[in-house]
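Student:
Number of protein chains: 2
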Amino acid sequence: MTQRKYPLTLRDVSEVSGVSEMTVSRVLRNKGDVSATTRSKVLDATKSLGYVPNKIAGALASQRVNLVAVIIPSMSNMVFPEVMTGISQALDETDLQPVVGITNYLPEREEKVLYEMLSWRPSGIIIAGLEQSEASRVMLANSGIPVVQIMDIDGDPIDAMVGISHRRAGRKMAEAILKSGYQNIGFMGTQTPLDHRARKRFEGFTQALAKQGVEIVDREFYTGGSALAKGREMTESILTRSPDLDFIYYSNDMIGAGGLLHLWDKKIDIPSQVGLAGFNQVELIDGLPLRLATMDSCRFEIGQTAAQIIAVRNGLLDLPLENIVELSPKIEFGDTLLRK
Amino acid sequence: MTQRKYPLTLRDVSEVSGVSEMTVSRVLRNKGDVSATTRSKVLDATKSLGYVPNKIAGALASQRVNLVAVIIPSMSNMVFPEVMTGISQALDETDLQPVVGITNYLPEREEKVLYEMLSWRPSGIIIAGLEQSEASRVMLANSGIPVVQIMDIDGDPIDAMVGISHRRAGRKMAEAILKSGYQNIGFMGTQTPLDHRARKRFEGFTQALAKQGVEIVDREFYTGGSALAKGREMTESILTRSPDLDFIYYSNDMIGAGGLLHLWDKKIDIPSQVGLAGFNQVELIDGLPLRLATMDSCRFEIGQTAAQIIAVRNGLLDLPLENIVELSPKIEFGDTLLRK
DNA sequence: ATGAAAGCGCTAACAG
DNA sequence: CTGTTAGCGCTTTCAT
C-alpha cells in the first residue's frame, strides 16, 4: 500500500506479479484472453502497489484518446450546466469523457482553448455556436475529428450541428405576444455583439413584429452585474421612460425574473397590465410569485444529441442520427403571458 | 491551408521548413535560442500546414503535463463556478490549465474521477472537501503530486488545504443572531449526509446556541428540486408548524431567497417579525426586494490560493504560502438580520 | 493464453 | 545556434 518510486509503471506491476508487461496491460484493459489465475495475480499486484496506468503513454501508443472536448462560452450561465449534463449522460454509455474549455465569449480566447484542446487529440469536439473566427474554423475543419456545433442552427455547420433556431424562437414569441393582444412591446437584453444567439432571437422577434406592422416601443441593453438586479432596475427605468408599454420580452429568464419582481413590488398587474416573457426555462427561478413565460431552449437534449453524434462517429454507438438536428422549443405561457 | 494526412507531425513541419525536428520543436516551445530566420521559416511552415502539436507525445517525452485536476461535487451550485474563476485566474499567470471533474457528491464517483484524472499525470490536484473515501485518500497520498483540499479546514489535510471553518461560520452566525435578540430560531437546509460543509455549519450553529442555553425550535431538510421553490414552500410549512419562530437560518442563499419571497408575499415584516440568514453570498440573488443576510464563503480566494499553491509547488510561482490557509468569512447583515 | 519486438510523436541531453 | 541519439510508458502486431 505504501510506495516510494512515484510514477509506477507497468514494469513494476509486471515484476511484482511475475507476469509480462503485455499481459498486465491486457488485464488492465480487459482486452484479449487472460487466464483467471494470471488475472488475479495481476490485480493483486496493481492493488497492493496502488498502480495507476499512464494514459499519456497509452494514448500515444494506441493513437486513441477517450476525451471529447467541449468548448463553451461560460459556465455560470445556467444554460451550459444543463448542456453538460446531457453530454455527460450520453457519454456515460461509452468510455468517452468530456473535457470542458471556457471562452468567456472571447473569440481570441476560443482560438487558444481550441488549439490547446486539439493538441490533446480528442475523439471529438462539441463547440457552442456557429460563429467561430476564421482561424478556429480552419482548425476545426482540419482536425480530422467529428465536430458538432451546438445551440444554434441558423447558419452552416463545419461538420454537424444540433440546436434550435433562435430566429424562429424570437419569431414564435412575437407571434404569441401579438396574438394575446399586446401592442406596446419593449425588449430588454444583453449587449448583443457578444451573444449571437440573443441577437438572433432579437432579430427574429422584431421581424415577426414588423410583419404585422408592429415596431418595438423601447429597448434596453445591459452588460455585467447581477441579471436579477439589472432586470429590476432596467424594468423600472424602461417603464418610467415608456409608461405605455404593455409587454416586455427579456433575452433571458434571470432579467425577466428581475422585471417580474419589480412589477410585483409596484403592484402592477401581470399579465393584464404588463405581460412578460423570458427565455431558457431555467429551473432556478421556480419559486417566484408568478411563473415567468418563457421558452424551453432544449439544453439537455442538445448536449445529449451532440454527444451521441460523437459516439456514433467513433463507432461506439449505433443510432441513426442526422448531421443536422433541429430541436423545437415550445412556449411556456406561465402566469405572465395571456393565452389567447 | 488545406491538408490531407490528418495527424500532422513535427516531421512534416521539419520537411516543409527544411529545419530539423528538434529545432522546430524549440521554436514551437520558445525554448532555447533559435535564429530569427529559422524561426520564421518554421512558423511559416506550421501556419501553412495548420500543424497542431501533439501534447500526448510531448507530455510523455518531457514527463510533464501542464494540467491541474480540479475535482468538485457539482457545477450548478453557484459556489463552484466562482472557485473555478479563482483557479483560472491564478493559473493564467502560469502555463498550467485546469481540468474539471464532477462527482455529484458521490464518493464512488469521486474515486472514479480521481483515478481517471491521475492517469493523465497532472501537475497537481485541487479537490473539494476533506472527506474522501479511504481509496481516494490512498490514491491522493501516493500520487506524488501536490494535493490541495479546498473549501473546508475542519479536519486534517492529506497535503495542503485552503478554506474556511464551516463550524466557526455556523457559530458566528448563531452568535450574531442571538446578539440581535432573536430567540426562537429555526434551521432549514439540504439533506446533510451528502454535504459535509452544510452539516458542519449546522453543528457549529447549534453548538453556539446551546452554549447560550438556546435550542433550535424547528428544522426542515430538503433534497433536490428548485432551491428557491423549496425555500418558499418549506418556509411556509415551518412557520405554520412553528408560528412563534422569529429567525430562520438557511444552509444556502437560494433557499433563503425563497423564504424571503414567501415572507415578503405574506407581508411578514423582515427583520423585526422574522429575521433570515443564508450562506454563500451569491451575487445571483442581488435584486431581491431585500438583501438577505449571509456570509461570504470566500470562494474566489479559495480557488485562487489553491491554484497558487500548486503553481508554487511546481516552481512556477514564487510566493510565501502556508500549506494550511484558513480564510475568514464575514457576516453580511443585509436587510434581514437586525444589527445590534 | 502469453511473450517479444517495434514504435507512437515528441523532448532531454548531449554534440558540434 | 543547430542536429543526433535515445528513450518516455504504453499498445500493436506477430510469434509461440
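Going down the list, the protein sequences come from chains B and U. Each residue of the first sequence is one higher than the one before, starting from 0 at the first, in numbering that gives the first Met the number 0. Each residue of the second sequence is one higher than the one before, starting from 0 at the first, in numbering that gives the first Met the number 0. Cβ atoms here follow ideal geometry from the backbone N, Cα and C, with glycine treated the same way.
1. Over what stretch of residues does the beta strand (DSSP E) that includes Thr-304(B) continue unbroken?
2. Tell me whether Gln-96(U) sits in a helix, a strand or coil according to DSSP, three-state version.
3. Name, please, each residue of chain B whose Cβ falls closer than 9 Å to the Cβ of Tyr-5(U).
4. For Met-150(U), count the other beta carbons within 10 Å of its own beta carbon; 16 or more makes it buried, fewer makes it exposed. Which is it?
5. Taking the continuous alpha helix (DSSP H) assigned at Ile-124(U), which residues delimit it?
6. Work out the CA separation of Gly-31(U) and Asn-53(U) for me, nearest whole Å.
7. Would you verify that the beta carbon of Leu-282(U) is, or is not, closer than 8 Å to some beta carbon of chain B?
8. Cα-Cα, which of Thr-239(U), Gly-223(U) and Gly-277(U) is closest to Lys-265(U)?
9. Chain U beta carbons: is any one of them nearer than 8 Å to that of Val-273(B)?
10. Is the number of C-beta pairs between the segment 63-74 of chain U and the segment 33-44 of chain U that are closer than 8 Å three or more?
11. Kindly indicate if chain B contains any beta-carbon less than 8 Å away from that of Glu-115(U).
12. In chain order, what residues of the segment 215-234 of chain B put their CB closer than 9 Å to some CB of chain U?
13. With distances taken between CB atoms, is the gap from Ile-254(U) to Ile-215(U) smaller than 8 Å?
14. Determine the chain B residues that contact Ser-118(U) at a beta-carbon separation under 9 Å, and present them in chain order.
15. Go through the segment 131-168 of chain U residue by residue and report every complete run of the alpha helix (DSSP H) that reaches 4 residues or more, in order.
16. Please look up how many angstroms separate the CB atoms of Ser-135(B) and Glu-110(B), rounded, as I've assumed it's under 8 Å.
17. Exposed or buried, Asp-91(B), counting other C-beta atoms within 10 Å across all chains shown (16 or more means buried)?
18. Under 7 Å Cβ-Cβ, which residues of chain B neighbour Gly-257(U)?
19. Among Gly-286(B), Ala-58(B) and Ile-323(B), which has the Cα closest to the Cα of Ile-309(B)?
20. Output yes if chain U places a C-beta closer than 8 Å to the C-beta of Gln-96(B); else output no.
21. In chain order, what residues of the same chain have a beta carbon less than 6 Å from the beta carbon of Glu-321(B), not counting five sequence neighbours either side?
22. So, under 8 Å CB-CB, Leu-291(U) and Gly-224(U) are touching, yes? Tell me the CB distance rounded to an integer number of Å.
23. Closest to Leu-283(B) by CA distance: which of Trp-119(B), Leu-139(B), Met-160(B) and Leu-227(B) is it?
24. Measure the Cβ-Cβ separation of Gly-128(U) and Ala-306(U) and say whether it is below 8 Å.
25. Would you mind giving the Cβ-Cβ distance between Leu-48(B) and Leu-7(B), rounded to the nearest angstrom? I have them listed as a contact below 8 Å.
26. Could you check what DSSP says for Phe-220(B) in three-state terms: helix, strand or coil?
27. Which residues in the same chain as Gly-180(B) place their Cβ atom closer than 8 Å to its Cβ, once the five residues preceding and following it in sequence are excluded?
28. Give, in chain order, every unbroken run of the alpha helix (DSSP H) that is at least 4 residues long and sits entirely within the segment 240-289 of chain U.
29. What does the Cβ neighbour count give for Arg-10(U), buried or exposed, with the cut at 16 atoms within 10 Å?
30. Going by Cα to Cα distance, which pick from Asp-285(B), Lys-329(B), Pro-328(B) and Ile-267(B) is closest to Asp-252(B)?
31. Using three-state DSSP, classify Phe-186(B) as helix, strand or coil.
32. Asp-295(U) by DSSP, collapsed to three states: which one?
33. For the pair the segment 206-221 of chain B and the segment 170-177 of chain B, tell me if three or more CB-CB distances fall below 8 Å.
34. Quick one: does Met-138(B) have its CB under 8 Å from some CB of chain U?
Tutor: This is what the structure holds:
1. Per DSSP, Thr-304(B) belongs to no beta strand (DSSP E); it is in the alpha helix (DSSP H), 298-312.
2. strand
3. Asn-141, Ser-142, Gly-143 and Ile-144
4. buried
5. Element bounds for Ile-124(U): not the alpha helix (DSSP H) but the beta strand (DSSP E), 123-127.
6. 20 Å
7. Looking at the sequence shown, residue 282(U) is not Leu but Glu. Cβ-Cβ to chain B under 8 Å: yes for Glu-282(U).
8. Thr-239(U)
9. no
10. no
11. yes
12. Gly-224, Ser-225, Ala-226, Leu-227, Ala-228, Lys-229, Gly-230, Arg-231 and Glu-232
13. no
14. Val-51, Pro-52, Asn-53, Lys-54, Ile-55 and Gly-57
15. 133-141
16. 5 Å
17. exposed
18. Gly-286
19. Ile-323(B)
20. yes
21. none
22. Not quite, the Cβ-Cβ distance comes to about 20 Å (not below 8 Å), so this is no contact.
23. Leu-227(B)
24. no
25. 6 Å
26. strand
27. Leu-337 and Lys-339
28. 252-264
29. exposed
30. Asp-285(B)
31. strand
32. strand
33. yes
34. yes
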